[in-house]
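Under the working numbering, read the sequence shown as residues 5 to 688, first letter to last. Built from N, CA and C at the ideal position, the CB exists for glycine as well. Worksheet for the structure shown next.
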Amino acid sequence: MKTFCGRANPTTGAMEWLEEDENYDYHQEIARSRYADMLHDKDRNVKYYQGIRAAVSRVKERGEKAIVLDIGTGTGLLSMMAASAGADFCYAIEVFKPMANAAVKIVEKNGFSDKIKVINKHSTEVTVGPDGDMQCRANILVTELFDTELIGEGALPTYEHAHKYLVQEGCEAVPHRATVYVQLVESKRMWSWNKLFPVHVEAEDGEKIIVSPSEMENCPGVPSVCDIQLNQMPSSDFTILSDVVTMFSVDFSKPVRSASTYYRVQLEPVKSGKAQIVLSWWDIDMDPSGMINCTMAPYWVKSTSAFQWRDHWMQCVYFLPNEEPVLQGEKVYLTACRDEYSVWYKLQKARGEEENKADVCVESPVCRCQAHLLWNRPRFGELNDQNRTRQYIESLMKVLKTDSVCLCISDGSLLPVLAHYLGAKQLLIKTVAFFFFKFFKANHLEDKIKIIEARPELLTSSHLEDKKISVLVGEPFFTTSLLPWHNLYFWYARTAVTSHLTSNVTVLPQSASLHMMIVEFQDLWRIRSPCGICEGFDVQTMDDMIKNSLNFRESKEAEPHPLWEYPCKSLSDPREVLTFDFRKTVPQHCLSTEGSVNLSRKGKSHGAVLWMEYHLAADIPISTGLIQISNEKGNCEWNPHCKQAVYFFSSVIESETLSDLPSAVTYAINFNTKTGEIAMDFQL
Numbered sequence: 005m006k007t008f009c010g011r012a013n014p015t016t017g018a019m020e021w022l023e024e025d026e027n028y029d030y031h032q033e034i035a036r037s038r039y040a041d042m043l044h045d046k047d048r049n050v051k052y053y054q055g056i057r058a059a060v061s062r063v064k065e066r067g068e069k070a071i072v073l074d075i076g077t078g079t080g081l082l083s084m085m086a087a088s089a090g091a092d093f094c095y096a097i098e099v100f101k102p103m104a105n106a107a108v109k110i111v112e113k114n115g116f117s118d119k120i121k122v123i124n125k126h127s128t129e130v131t132v133g134p135d136g137d138m139q140c141r142a143n144i145l146v147t148e149l150f151d152t153e154l155i156g157e158g159a160l161p162t163y164e165h166a167h168k169y170l171v172q173e174g175c176e177a178v179p180h181r182a183t184v185y186v187q188l189v190e191s192k193r194m195w196s197w198n199k200l201f202p203v204h205v206e207a208e209d210g211e212k213i214i215v216s217p218s219e220m221e222n223c224p225g226v227p228s229v230c231d232i233q234l235n236q237m238p239s240s241d242f243t244i245l246s247d248v249v250t251m252f253s254v255d256f257s258k259p260v261r262s263a264s265t266y267y268r269v270q271l272e273p274v275k276s277g278k279a280q281i282v283l284s285w286w287d288i289d290m291d292p293s294g295m296i297n298c299t300m301a302p303y304w305v306k307s308t309s310a311f312q313w314r315d316h317w318m319q320c321v322y323f324l325p326n327e328e329p330v331l332q333g334e335k336v337y338l339t340a341c342r343d344e345y346s347v348w349y350k351l352q353k354a355r356g357e358e359e360n361k362a363d364v365c366v367e368s369p370v371c372r373c374q375a376h377l378l379w380n381r382p383r384f385g386e387l388n389d390q391n392r393t394r395q396y397i398e399s400l401m402k403v404l405k406t407d408s409v410c411l412c413i414s415d416g417s418l419l420p421v422l423a424h425y426l427g428a429k430q431l432l433i434k435t436v437a438f439f440f441f442k443f444f445k446a447n448h449l450e451d452k453i454k455i456i457e458a459r460p461e462l463l464t465s466s467h468l469e470d471k472k473i474s475v476l477v478g479e480p481f482f483t484t485s486l487l488p489w490h491n492l493y494f495w496y497a498r499t500a501v502t503s504h505l506t507s508n509v510t511v512l513p514q515s516a517s518l519h520m521m522i523v524e525f526q527d528l529w530r531i532r533s534p535c536g537i538c539e540g541f542d543v544q545t546m547d548d549m550i551k552n553s554l555n556f557r558e559s560k561e562a563e564p565h566p567l568w569e570y571p572c573k574s575l576s577d578p579r580e581v582l583t584f585d586f587r588k589t590v591p592q593h594c595l596s597t598e599g600s601v602n603l604s605r606k607g608k609s610h611g612a613v614l615w616m617e618y619h620l621a622a623d624i625p626i627s628t629g630l631i632q633i634s635n636e637k638g639n640c641e642w643n644p645h646c647k648q649a650v651y652f653f654s655s656v657i658e659s660e661t662l663s664d665l666p667s668a669v670t671y672a673i674n675f676n677t678k679t680g681e682i683a684m685d686f687q688l
């Protein structure tokens with residue numbers, strides 16, 4: 005049996021369906037899973053163990069047998085904790101078949117096969133009774149079904165079903181309760197991920213301002229949560245407008261309702277400002293008394309001594325539908341609406357209670373302007389980056405003439421508008437038509453810029469009104485790109501339109517280069533690091549399973565990560581490894597390089613980071629990766645709008661002194677011009 009997988013083709017910029025081995029999906033799921041991250045989460049594991057021990061003790065003290073239901077068992081860790089704490093029997097449910105198979109092996113290896121039954125089903129399909137999956141209902145419910153938003157993985161409907169059909173009334177639950185906290189803030193940086201700010205252009209005939217269509221100004225955006233490592237957001241990037249307040253909590257030991265509802269709290273702003281963002285996180289109490297608590301609170305709320313890094317649970321950023329001015333001491337109402345899987349917020353001035361209740365909107369926000377469907381949050385941030393825009397303006401001023409015929413190839417780009425204001429005679433843009441028509445109309449440019457919906461290879465002279473293109477521009481940015489080099493689709497598009505270019509065409513950017521650096525991660529290494537023993541239980545079967553899935557492809561692949569969220573230090577100088585000349589067409593032959601890079605700092609070589617740099621015009625580079633190495637310790641500052649490519653080494657070399665260092669890391673990098681993909685290999 006074969007399986008079809010959607011994948012972006014970097015040579016065409018299109019999504020394609022590729023036939024893969026039937027095991028491909030399994031291997032991808034396991035290789036890119038967060039299991040290792042969870043097993044390395046010491047705080048989570050210790051608190052769960054304490055909570056499970058306490059729950060088993062409470063049941064035993066009542067003279068009952070302790071029967072545990074563990075939904076979403078994964079490796080079987082929580083069931084093994086329960087069995088070793090004295091539970092009489094555990095039903096461990098895992099819907100993902102390869103994971104259930106691994107749990108069976110792990111349970112057996114640890115000697116708990118007589119106490120734990122692994123059930124490979126969705127919990128809603130589990131049966132109870134003499135001939136069922138479970139002999140009787142459980143009196144202890146243990147789960148770890150939470151994501152950063154708490155409810156995004158279906159925790160509520162799962163609990164609702166379990167209480168109706170799988171556990172006894174008055175059961176013990178670990179965790180016992182979850183509480184969601186919120187804080188109102190003003191943040192130009194975070195707000196720039198959801199709205200397009202006016203763009204100022206200094207043209208020869210005075211300042212021009214690019215504005216958004218009104219639909220975009222008033223659009224609530226997309227309902228999906230923005231989850232980030234809020235602990236990497238410096239306090240200078242936001243202003244706190246309210247104290248932290250409890251928004252709602254869920255008691256998991258009692259029947260749970262998943263139906264849509266809303267919660268409301270009254271806030272008294274501690275500072276006047278523009279309420280734009282609701283920051284949110286949760287904590288879980290493992291026991292009824294709340295003595296065993298696991299919290300996701302960010303650094304300014306709790307002391308760093310209790311700080312536990314984790315990537316499977318982070319913090320949430322919610323964008324209010326519009327920014328609302330608030331005054332210190334003048335009360336406002338914050339409403340959280342939720343359905344089974346997501347939460348969204350609205351803010352209202354304090355008025356009569358009944359009047360406010362009438363305003364509650366329990367419908368999920370929907371993007372009406374299309375911009376939020378075209379641009380993701382980092383892309384909004386990139387378009388709002390004034391320094392970046394300035395570099396493009398400076399470059400365009402160098403290459404544009406009054407008679408320039410300009411074609412822009414990039415997804416959802418503002419470059420055509422900049423080029424028009426800077427004097428280009430005729431502008432053509434290959435883009436998503438409907439949204440951009442509204443955008444051009446808002447700026448009175450609908451008759452100045454022609455939208456072409458044809459793919460580059462299907463471009464004809466009639467599309468171009470029989471003119472030749474003298475300036476070809478791109479950022480380049482394409483929505484289908486996952487890894488930094490996928491935006492090299494611009495080069496393939498440039499090659500496809502060659503016959504429509506003048507002999508002395510100017511291409512902007514004129515070239516690109518791939519850069520690489522060896523790094524030590526502060527924490528990100530945990531997501532790919534074997535665990536071995538977790539809280540006294542042998543989980544090596546899981547390590548082997550992940551390793552096997554990572555090796556499923558002949559060559560390991562790099563993976564995209566936004567490194568502004570994941571601190572690291574450089575162990576080598578950055579190295580330019582490949583260059584791509586957009587003034588020429590894509591060559592038939594592959595581009596390869598090999599060499600070695602010297603390690604100049606002591607530390608653990610966790611992997612290599614790769615990124616692209618674009619050379620817009622002479623001496624104007626734009627980096628999608630490293631901005632600077634900020635101090636002698638090697639701490640790195642990364643472009644916050646882009647994901648960088650991370651290649652994790654399969655073994656880590658730890659060097660305490662420079663004399664211990666392997667003098668270099670050797671590399672071989674190959675750009676396949678037929679597929680647009682890069683294969684790489686590193687040897688320590």
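Contact set for residue i: own chain, Cβ-Cβ below 7 Å, skip 5 residues either direction
{"i": "residue 1", "result": "Since the first residue shown for the chain is 5 and the last is 688, residue 1 is missing from the structure and cannot be characterised."}
{"i": "residue 529", "result": "610"}
{"i": "residue 403", "result": "475, 510, 512 and 621"}
{"i": "residue 212", "result": "205 and 425"}
Paired residues, beta bridge with residue i - DSSP
{"i": "residue 279", "result": "328"}
{"i": "residue 138", "result": "132"}
{"i": "residue 353", "result": "336"}
{"i": "residue 720", "result": "With the chain covering 5 to 688 only, the question about residue 720 has no answer from this structure."}
{"i": "residue 690", "result": "This structure does not reach residue 690, given that the chain is present from 5 up to 688, and the question cannot be answered."}
{"i": "residue 408", "result": "DSSP lists no partner for residue 408."}
Backbone secondary structure at residue i - three-state DSSP
{"i": "residue 153", "result": "coil"}
{"i": "residue 20", "result": "strand"}
{"i": "residue 52", "result": "helix"}
{"i": "residue 225", "result": "coil"}
{"i": "residue 67", "result": "coil"}
{"i": "residue 558", "result": "Low confidence applies here, because residue 558 scores a pLDDT of 41, under 50, leaving its location unreliable; read the following figure in that light. Here residue 558 sits in coil by DSSP."}
{"i": "residue 545", "result": "helix"}
{"i": "residue 503", "result": "helix"}
{"i": "residue 419", "result": "helix"}
Inter-residue spacing [alpha-carbon to alpha-carbon] between residue i and residue j
{"i": "residue 206", "j": "residue 682", "result": "40 Å"}
{"i": "residue 484", "j": "residue 19", "result": "7 Å"}
{"i": "residue 66", "j": "residue 60", "result": "10 Å"}
{"i": "residue 599", "j": "residue 673", "result": "9 Å"}
{"i": "residue 572", "j": "residue 409", "result": "44 Å"}
{"i": "residue 272", "j": "residue 247", "result": "8 Å"}
{"i": "residue 592", "j": "residue 584", "result": "13 Å"}
{"i": "residue 671", "j": "residue 199", "result": "42 Å"}
{"i": "residue 136", "j": "residue 75", "result": "16 Å"}
{"i": "residue 442", "j": "residue 428", "result": "21 Å"}
{"i": "residue 629", "j": "residue 562", "result": "14 Å"}
{"i": "residue 679", "j": "residue 287", "result": "46 Å"}
{"i": "residue 580", "j": "residue 267", "result": "53 Å"}
{"i": "residue 217", "j": "residue 193", "result": "21 Å"}
{"i": "residue 123", "j": "residue 87", "result": "16 Å"}
{"i": "residue 558", "j": "residue 294", "result": "In this prediction, residue 558 has a pLDDT of 41, which is less than 50 and means its spatial position is unreliable; what the coordinates show is noted afterwards. Approximately 49 Å, taken between the alpha carbons."}
{"i": "residue 439", "j": "residue 417", "result": "12 Å"}
{"i": "residue 345", "j": "residue 383", "result": "25 Å"}
{"i": "residue 112", "j": "residue 83", "result": "12 Å"}
Neighbourhood of residue i by C-beta distance below 8 Å, restricted to the same chain and skipping five residues each side
{"i": "residue 449", "result": "421 and 424"}
{"i": "residue 451", "result": "none"}
{"i": "residue 259", "result": "164, 167 and 168"}
Neighbourhood of residue i by C-beta, 6 Å cutoff - its chain only, sequence neighbours within 5 removed
{"i": "residue 69", "result": "92"}
{"i": "residue 314", "result": "45"}
Heavy atom of the ligand GTP within 7 Å of residue i beta-carbon
{"i": "residue 193", "result": "Absence of the ligand GTP is noted for the structure shown, with no ligands found whatsoever."}
8 Å Cβ cutoff, residue i in contact with chain D
{"i": "residue 687", "result": "Protein chain content of the structure displayed is limited to a single chain, and chain D is not contained in it."}
At a cut of 8 Å, does the region 41-61 reach the region 538-557 through at least three beta carbon pairs? They touch, by the three-pair rule.
Can you confirm whether the region 321-328 touches the region 273-282 when touching is taken to mean that 3 or more C-beta pairs between the two stretches lie within less than 8 Å? Flag = yes, the region 273-282 and the region 321-328 touch.
Does the structure place the region 392-411 close enough to the region 372-384 that three or more beta carbon pairs sit under 8 Å? Verdict: no, contact absent.
Is there contact between the region 326-335 and the region 157-171, where contact requires at least three CB pairs shorter than 8 Å? Taking 8 Å as the limit for Cβ pairs, the verdict is that the region 157-171 does not touch the region 326-335.
Within the chosen definition, does the region 109-125 reach the region 148-165 through at least 3 CB pairs nearer than 8 Å? Contact between the region 109-125 and the region 148-165 is absent, because fewer than three Cβ pairs lie under 8 Å.
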